[in-house]
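Accompanying notes for the structure given below.
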Amino acid sequence: MLAYTYVEHGKFELQEKVKPEIQNSRDAIVRVTLSSICTSDLHIKHGSVPRAVPGITVGHEMVGVVEEVGSDVTLVRPGDRVTVNVETFCGECFFCKRGYVNNCTDPNGGWALGCRIDGGQAEYVRVPYADQGLNRIPDIVSDEQALFVGDVLATGFWAARISEISEDDTVLIIGAGPTGICTLLCVMLKKPSCIIICEKSPERIRFVREHYPDVLVVEPEKCKDVVLNNSNHRGADVVLEVAGSEETFRIAWECARPNAVVTIVALYDNPQLLPLPDMYGKNLIFKTGGVDGCDCAEILSLIEKGKINTIPLITHRFPLSEIETAYRMFENKLDGVIKVAITDK
Ligand SMILES: [Zn+2]
Ligand SMILES: [Zn+2]
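See below:
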């Protein structure tokens, strides 16, 4: 089968590999019908994910059809259309029982697919702990509608869930890339009184204005002023930082009101500085990144009810045989790309 492979630092390549097989009684084999490319894939390519293993098939955002299951898999059957979770988790350890599945103590717990074990930019993928890692897609939900459930949308949902948002709040989201938009969609479900999104790319600003006209969009330089003008309490009640630069980290704590929740969703290339003397007395609550992707069933049900729609994020489609072109476009942000869908033919 074809599998897009991490060869070495800076190099991915479409290779011919053997089809994966069941290795454990809790595994499933899924025929991938649609996958996507995530910024984390680029992080592997550029060497900022030291745990990534050369030779593995990349890709951790995908949907497909169950082909085969191990003897201890009970919740999915061959023929089921499913979403695949970015995280591998056992469902039984201390962390899993508390919903902190990102820190599952299994040796392959957390983000393993497409990083430490073979992922889904391929024709088939082996999914460990299939009862945890797969969710059945409701009949009326299409593959495209479900494509982001296991990764970027799970991240947005988790970020909104832990941010303690109430209906009186002014919420600031920093970054309108794919994860920022998914975060926005999930924050909107909490119905806060004002949502401000901070973004510098003109294309992404246009995208937000076109699709979400009720949201205030602001460039980084004007962010603090706009937040102050739209808050009764000297800043945003909740800030979600989804951009991941030094500047956006600073904007996050500067725009937060005293006693605000600041949720860090972004992954940074470098350590960030917390200037505690400047922040003294602000009494901020920081929540740090690493999605606990265990809400996929609920997310699928919200999609089924028409409450979450990520279709506008899919701006381009390519077959697996042209994944190289898709990467070039995604990596260089060409042609207004937000997300690409990689089809099986
Ligand atoms: Zn990802
Ligand atoms: Zn676990």
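Take any residue in the sequence shown, note its place counting from 1, add 21, and you have its number in the numbering used here. C-beta atoms are modelled at their ideal positions from N, C-alpha and C, and glycine is treated no differently. Since the model is a prediction, treat every value here as computed from it, not as a measurement.
Quick one: grab the DSSP three-state call for Phe33. Correct three-state label for Phe33: strand.
Give every residue whose Cβ lies closer than 5 Å to any heavy atom of ligand 1, listed in chain order. Cys59, Ser61 and Asp172
Can you name the start and end residues of the alpha helix (DSSP H) that Phe307 belongs to? Under the DSSP assignment, Phe307 falls outside any alpha helix (DSSP H), being part of the beta strand (DSSP E) whose first and last residues are Ile306 to Lys308.
Would you say Val84 and Val148 are within 7 Å of each other, going by their C-beta atoms? no
With distances taken Cα to Cα, identify the nearest neighbour of Leu355 among Ala49, Ser222 and Gly314. Taking only the C-alpha atoms, the option nearest Leu355 is Ser222.
Just confirm the distance between the C-beta atoms of Ala287 and Val260, as a whole number of angstroms; I'd bet it's less than 8 Å. That pair is no contact at about 12 Å.
Taking only the alpha-carbon atoms, compute the straight-line gap between Glu325 and Val39 and give it to the nearest angstrom. If you draw a straight line from the Cα of Glu325 to the Cα of Val39, it is about 36 Å long.
Contact set, ligand 2 heavy atom to C-beta under 7 Å: Output, sorted by chain position: Phe110, Cys111, Gly112, Glu113, Cys114, Phe116, Cys117, Val122, Cys125, Thr126, Asp127 and Gly130.
By the DSSP assignment, the beta strand (DSSP E) with Thr78 in it spans what residues? From DSSP, Thr78 is part of no beta strand (DSSP E); its letter is neither H nor E.
Please work out which residues of its chain come closer than 7 Å, Cβ to Cβ, to Leu305, disregarding the five sequence neighbours upstream and downstream, and give them in chain order. Excluding residues up to 5 positions away in sequence, Trp274, Ala277, Ala281 and Val283 lie with their Cβ nearer than 7 Å to the Cβ of Leu305 in the same chain.
Label Ser92 either buried or exposed according to how many other C-beta atoms from any shown protein chain fall within 10 Å of its C-beta, with 16 as the threshold for buried. exposed
Where does His232 fall in DSSP's three states? helix
Out of Tyr301, Arg271, Lys308 and Phe307, state which residue places its alpha-carbon closest to the alpha-carbon of Gln293. Arg271
Can you tell me where the beta strand (DSSP E) holding Ala277 begins and where it ends? Ala277 to Ile285
For the beta strand (DSSP E) holding Ile50, just list the boundary residues, first then last. Membership of Ile50 in the beta strand (DSSP E) is indicated by the continuous run Ala49 to Ser57.
Integer-rounded CB distance, given that Phe228 should sit under 8 Å from Ile359: 7 Å
Helix, strand or coil for Asp258? Go by DSSP, reduced to three states. Three-state DSSP puts Asp258 in a strand.
Chain-order list of residues whose beta-carbon lies under 7 Å from that of Cys117 (same chain, five-residue window excluded): Phe110, Cys111 and Cys125
Tell me which same chain residues have a C-beta within less than 8 Å of the C-beta of Leu174, skipping the five on either side of it? Once the five neighbours on either side are set aside, the close Cβ partners of Leu174 are Cys203, Leu206, Cys207, Ile320, Ile329 and Thr331.
Less than 7 Å separating the beta-carbons of Leu55 and Asp152? no
Considering only residues of the same chain and omitting the five flanking positions on each side of Asn251, which have a CB-CB separation below 6 Å? Thr191 and Cys215
Among Glu37, Val312, Val70 and Ile363, which has the Cα closest to the Cα of Ala181? Val312
Please specify which runs of the beta strand (DSSP E), each continuous and at least 3 residues long, are wholly inside the region 106-161, giving them in chain order. 145-148 and 155-157
Alpha-carbon to alpha-carbon, Gly141 and Val53: 7 Å
Applying the 10 Å Cβ sphere with the 16-neighbour rule, what's the burial state of Ala318? exposed
Does the Cβ of His67 have 16 or more other Cβ atoms within 10 Å, making it buried, or fewer, making it exposed? exposed
Close Cβ partners of Ile138 (< 7 Å) along its chain, the five nearest in sequence each way excluded: Ile77 and Asn129
Which of helix, strand or coil DSSP assigns to Arg98: coil
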